[in-house]
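Notes for the one structure printed next.
Structure representation (structure tokens):
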């Protein structure tokens with residue numbers, strides 16, 4: 168069986184769904200980061216696959232950008248997370264309600 | 004200096020207002036009067052320099068702001084805007100000179116000077132974005148005046164005023180953006196310059212949409228029925244000076260914008276919407292006059308009378324001929340003078356008695372004869388007596404619309420009847436009869452400060468009623484240009500017919516068309 | 008000659024402004040004297056102009072531009088021709104007399120200076136009205152006299168009835184003015200000008216229905232000023248003003264402006280004889296209608312006011328039937344004797360301490376001989392007894408109706424002539440003859456200042472001679488401009504029967520009035536409680552009907568419009584919309600609970616909604632694109 172574009176896109180969609188559920192259900196901030204990473208990578212897979220399929224490298228370029236930005240985002244995010252943990256000793260999302268409207 | 008006179012007119016008051024912050028509060032009044040006087044004389048100088056025989060824009064200035072989107076600082080005056088600008092500077096001067104407010108005078112004067120900048124800016128702007136900026140900016144000082152110096156319900160009134168007019172102008176902004184986009188589609192270039200837009204002929208259905216968007220913004224400002232309810236609250240709560248400026252100048256922005264934007268940009272839509280708008284105008288005239296008759300508060304009578312008169316102005320504008328539009332522009336000036344004076348007069352009695360209820364007065368004519376005389380003159384001007392300023396405008400407006408529809412004009416003409424009813428009955432309640440209230444027995448007649456504001460207005464009201472030519476001539480010339488432009492741009496057969504062709508009519512044409 | 012024109016026109020204005028300067032001060036005799044002097048100057052100038060016009064010339068000046076916009080061009084233009092000079096003479100003579108008289112009449116009034124300011128302003132407006140050379144200029148004067156009438160009716164502004172009457176007069180006139188404006192609009196859009204000469208030269212070229220409408224609208228305007236039915240109620244109420252005002256404005260000059268308009272616009276009305284007939288019929292109706300109301304009224308001034316109304320009806324009959332010069336002639340004669348009558352009534356009022364009910368007077372001829380003579384003279388003239396003014400002018404109108412074969416109109420007018428004689432002499436008899444009923448009320452009458460009587464004398468002279476002496480020269484002069492119709496009954500026998508018959512009829516009415524009222528007054532309770540009497544006494548209940556049908560519902564409707572519609576519908580809708588938005592925010596702000604997890608959930612939901620929308624709306628485009636591929 169040949170692996171076609173459809174397979175990649177299905178994989179991407181499944182990953183995206185997993186990520187999305189993770190984003191919605193997880194209460195641990197660290198887990199939330201993981202879920203975000205899954206979301207981003209789902210998009211990356213889709214981009215790379217379509218880029219290959221159409222013979223246009225712009226999509227892969229974007230994938231690289233996303234990887235780079237995701238890395239920096241994780242760096243900043245983890246930094247903030249550690250500071251938060253040091254202050255409160257918890258990284259439970261339900262406790263963070265200072266933005267209550 | 005002459006070529007930059009408009010920019011000076013616009014920004015001088017703002018600059019002076021900035022300096023006002025460092026002026027000592029005892030001398031701020033004198034400072035304000037000086038600034039306003041200089042500004043007023045500058046505007047008179049502008050009139051002196053203005054060439055009344057030219058119909059197009061004069062003293063144009065242009066400086067690109069966002070050249071990628073064709074937004075530029077573009078200002079100029081023609082006969083339509085010239086006198087409203089002078090009216091703005093005149094009323095700022097009169098307002099500051101006859102100011103009786105005691106609380107935080109310094110802030111008030113600074114606010115007024117800022118307001119003056121926005122008013123002159125609106126009427127001088129020829130770029131849609133610049134126009135829009137000044138249009139919205141003018142809300143802020145007014146919001147502040149009502150909210151800070153107003154009556155007990157001032158917060159509600161000022162918020163209502165602000166949000167209501169702001170909502171309308173946002174829709175107008177969308178219309179402007181679309182207009183610029185259509186211009187871009189047609190020419191491949193972005194431009195917000197009104198003069199460029201004038202050259203664009205839009206398909207009729209697009210005209211109708213854009214007309215609607217602009218209409219909402221303008222109609223709320225005028226205010227047209229049924230968008231008028233912010234006005235009685237604003238007037239009811241605003242301090243005297245706020246009401247004066249609001250009635251005399253700010254309302255005119257709406258009607259002015261109709262002439263500046265709606266008519267020349269969308270001639271076909273104007274013709275299509277002529278009768279619906281005329282119906283609204285007639286409702287404004289009659290309905291507002293009736294509501295005015297029912298009022299117990301004399302300031303509300305004047306407020307509703309403003310709505311009624313604005314109806315006549317709208318009717319004149321949508322006459323779509325030279326007589327009607329010229330008349331409506333003249334009536335804008337006239338109504339500014341008269342309603343401004345009436346609000347000042349109401350302020351006089353409010354300062355003395357701290358009430359505006361007519362039932363609290365009665366018999367004032369014997370206690371304050373000079374006040375009663377000036378009030379009487381202004382009331383008669385408001386009623387539209389010939390040889391006072393209002394008559395010329397009202398007559399021309401109605402005369403113009405008569406060409407479009409006989410029956411509508413007959414109904415709208417009841418303005419002269421219903422206007423007399425509410426004004427005379429209000430005057431009777433407040434001034435005639437015996438003095439019944441003890442507090443009224445020793446009221447002081449108008450003092451010198453108040454006369455300083457009122458006497459010039461009386462003089463103007465009679466002078467322009469007897470000799471309106473200095474105003475009518477330039478107005479007429481500019482209006483002719485607009486009407487011709489509309490005729491040339493019109494596409495539908497009906498529009499061609501309704502809007503007269505000045506270039507090819509030898510006077511007799513209009514005679515035959517009438518049949 | 009132009010200089011005389013300007014003097015005649017502006018002297019009253021100068022007098023008005025001068026007196027107005029002292030308006031707020033207590034009485035200063037010189038304001039009255041100077042205002043009167045300036046009016047005399049106006050009178051002299053008018054006389055000089057009359058002399059000039061009699062030689063066949065006219066004066067036409069254009070002072071300056073007033074309104075010019077589009078094709079509309081309206082100057083301040085003035086014309087002195089045969090018609091306007093007649094009016095100028097009437098106005099200046101009567102107003103000079105009234106001014107001098109008022110110096111005495113208003114001598115003890117606080118508002119002496121103010122009064123002269125208003126009165127002179129009125130004369131100025133009236134001069135503008137009659138001298139203007141275009142319809143809008145006429146309209147200036149038209150509204151100007153309306154304003155002055157408002158000021159003067161409400162002169163004693165502390166009186167509720169006076170200010171009410173003033174407002175009523177102004178508003179009712181405004182109703183008619185609207186029609187007049189519409190007429191002016193029609194003229195402008197059809198003829199392109201409002202100048203008399205242009206309009207009259209071209210009016211015949213218009214289609215019939217347009218001329219008819221112009222004629223109707225202009226006449227409605229005239230109806231307001233001349234208080235014709237159904238816009239007549241204000242005139243009787245206007246008697247609240249000081250009596251000199253009633254003499255000048257509500258008898259001699261302003262109310263005749265409507266007649267002047269019809270006479271002036273005769274080229275228009277000549278084209279539309281049907282409208283003319285309608286005008287004549289309305290005039291005859293009003294003549295009769297007003298005379299009946301005067302029969303039973305118990306207010307001296309109102310009786311004279313109704314008689315004015317009735318005489319205006321006569322004038323409209325003449326004007327409607329195309330006898331313009333006759334209408335104008337009666338206007339002139341009427342101005343003299345009616346002003347005289349009113350001024351006499353003013354004397355009586357002064358003597359009676361403002362008592363108006365003639366049933367509380369009587370026998371005044373002893374103490375007020377001069378006034379008695381003047382009022383009797385004026386009444387004789389009004390009744391149309393040979394050789395006084397009324398005979399020549401009023402009987403002429405009867406002849407016009409007869410010659411034109413409008414026999415119904417003729418009969419109505421003839422009957423009215425009898426009624427006129429009756430109520431005039433009922434008044435004279437009640438006031439000057441019989442018992443001195445006023446003594447019961449503790450009033451001791453005295454004659455007015457002698458200079459007031461001297462001031463009235465010219466009017467008395469004119470009331471006597473105006474018909475006899477002026478008729479022929481007047482006819483010769485005015486027919487230069489107006490259609491020269493002569494109304495002769497060719498059959499001599501018919502003529503004499505008619506003339507003598509009318510005279511006898513009128514004399515019989517006078518005798519009856521004297522007989523009934525000159526001795527003791529018997530009040531017949533049965534008649535007074537009768538339906539007819541009550542109907543007449545209450546002015547056919549018309550003021551009441553107007554009050555119930557127009558005034559009160561209008562106020563109610565206004566209150567409704569404000570309290571129910573404006574506040575509860577229009578404004579409530581706006582506030583409602585604002586409230587919905589506010590409440591939405593208020594309700595949904597719990598969404599922002601600060602919990603990142605639930606906010607993310609909202610975000611995802613939003614994303615999904617947007618995606619669905621995007622897919623739904625782009626499905627069409629995709630289909631197209633795929634096909635292209």
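Chains as they are written, first to last, in this note's numbering: chain E, 168 to 268; chain Z, 4 to 518; chain A, 8 to 636.
Even glycine gets a Cβ: it sits at the ideal position worked out from N, Cα and C.
None of these values were measured; they are calculated from a predicted model.
Exercise for review: Within 10 angstroms of the Cβ of residue 343 of chain A, are there 16 or more other Cβ atoms? Answer buried if so, exposed if not.
Suggested key: buried
**Study point:** CB contact below 8 Å: residue 168 of chain E versus chain A
**Key:** no
**Study point:** Chain-ordered residues of the segment 365-377 of chain Z with a beta carbon less than 8 Å from chain A
**Key:** 366, 368, 369, 372, 373, 376
Exercise for review: Indicate the three-state DSSP secondary structure (helix, strand or coil) for residue 264 of chain Z in the structure shown.
Suggested key: helix
Exercise for review: Note down the Cα distance separating residue 553 of chain A from residue 417 of chain Z, rounded to an integer number of angstroms.
Suggested key: 18 Å
**Study point:** Pairwise C-alpha distance: residue 203 of chain A and residue 287 of chain Z
**Key:** 35 Å
Check your understanding: Checking contacts by CB at 8 Å: is residue 420 of chain Z closer than that to chain A?
Key -> Judged by the 8 Å Cβ criterion, residue 420 of chain Z is in contact with chain A.
Point to revise | Where the alpha helix (DSSP H) containing residue 144 of chain A begins and where it ends | key: 142-160
**Study point:** Boundaries of the beta strand (DSSP E) in which residue 193 of chain Z is found, first to last residue
**Key:** First-last for residue 193 of chain Z: undefined, no H or E at that position.
Exercise for review: With a threshold of 16 other CB atoms inside 10 Å of the CB of residue 223 of chain E, please say whether the residue is buried or exposed.
Suggested key: exposed
**Study point:** Element boundaries [alpha helix (DSSP H), containing residue 484 of chain Z]
**Key:** 472-492
Exercise for review: Tell me whether residue 519 of chain Z is buried or exposed, calling it buried when 16 or more other Cβ atoms sit within 10 Å of its Cβ.
Suggested key: Any question about residue 519 of chain Z goes unanswered here, given that chain Z covers just 4 to 518.
Check your understanding: Where residue 186 of chain E and residue 605 of chain A are concerned, what is the direct C-alpha to C-alpha distance, given to the nearest angstrom?
Key -> Distance between the alpha carbons of residue 186 of chain E and residue 605 of chain A: 16 Å.
Point to revise | Sequence-distant residues of its chain with Cβ nearer than 6 Å to residue 121 of chain Z (five each side left out) | key: 137, 140, 141
Review point. Would residue 63 of chain Z count as contacting chain A if we go by Cβ distances under 8 Å?
Key: no
Exercise for review: Using a Cβ cut-off of 9 Å, pull out every chain E residue sitting near residue 592 of chain A, in sequence order please.
Suggested key: Ordered by position in chain E, no residue passes the 9 Å Cβ test against residue 592 of chain A, which lies about 10 Å from the chain.
Review point. Would you call the CB atoms of residue 45 of chain Z and residue 11 of chain Z closer than 8 Å?
Key: yes
**Study point:** For residue 67 of chain Z, the residue or residues it bridges with in DSSP
**Key:** Z:75
**Study point:** Secondary structure of residue 412 of chain A, DSSP reduced to three states
**Key:** coil
**Study point:** Enclosing beta strand (DSSP E) for residue 76 of chain A [first to last residue]
**Key:** Residues 66-76.
Check your understanding: By the criterion of Cβ-Cβ separation under 7 Å, what are the contact partners of residue 241 of chain A in chain Z?
Key -> Near residue 241 of chain A there are no residues of chain Z at all, since even the closest Cβ is about 13 Å away, more than 7 Å.
Check your understanding: Of the choices A:157, A:133, A:70, whose alpha-carbon is the least far from that of residue 20 of chain A?
Key -> A:133
Point to revise | residue 511 of chain A classed as buried or exposed, judged by whether at least 16 other C-beta atoms fall within 10 angstroms | key: For residue 511 of chain A, the number of other beta carbons within 10 angstroms of its own is below 16, and it is reported as exposed.
**Study point:** Short CB-CB distance (under 8 Å) between residue 221 of chain Z and chain A
**Key:** Not a single C-beta of chain A is nearer than 8 Å to the C-beta of residue 221 of chain Z.
Point to revise | First and last residue of the uninterrupted beta strand (DSSP E) at residue 122 of chain A | key: Here residue 122 of chain A belongs to no beta strand (DSSP E); instead the alpha helix (DSSP H) covers 119-138.
Review point. Considering only residues of the same chain and omitting the five flanking positions on each side of residue 478 of chain Z, which have a CB-CB separation below 6 Å?
Key: 82, 329, 332
Point to revise | Integer-rounded CB distance, given that residue 118 of chain Z should sit under 8 Å from residue 144 of chain Z | key: Residue 144 of chain Z to residue 118 of chain Z, Cβ: 4 Å. Contact.
**Study point:** Rounded C-alpha distance that separates residue 198 of chain E from residue 232 of chain E
**Key:** Rounded to the nearest angstrom, the two C-alpha atoms are 23 Å apart.
Practice item. State yes or no: is the C-beta of residue 178 of chain A within less than 8 Å of the C-beta of residue 316 of chain Z? Key: Between residue 178 of chain A and residue 316 of chain Z, the C-beta gap is not smaller than 8 Å, which leaves the two residues out of contact.
Exercise for review: Tell me where the alpha helix (DSSP H) around residue 589 of chain A begins and ends.
Suggested key: In this chain, the alpha helix (DSSP H) harbouring residue 589 of chain A covers 578-595.
Check your understanding: Quick one: is residue 616 of chain A buried, meaning 16 or more other Cβ sit within 10 Å of its Cβ, or exposed?
Key -> exposed
Practice item. Please specify which runs of the alpha helix (DSSP H), each continuous and at least 4 residues long, are wholly inside the segment 344-380 of chain Z, giving them in chain order. Key: 367-370
Exercise for review: Mind checking the segment 44-55 of chain Z against chain A and listing, in chain order, the residues whose C-beta falls within less than 9 Å of any C-beta there?
Suggested key: none
Review point. Excluding five sequence neighbours on each side, which residues of the same chain lie with their C-beta closer than 6 Å to the C-beta of residue 394 of chain A?
Key: 475
Check your understanding: In terms of DSSP beta bridges, what is residue 79 of chain A paired with?
Key -> Answer is A:76, bridged to residue 79 of chain A.
Practice item. Would you tell me roughly how many angstroms separate the C-alpha atoms of residue 335 of chain Z and residue 452 of chain Z, rounded to the nearest one? Key: 26 Å
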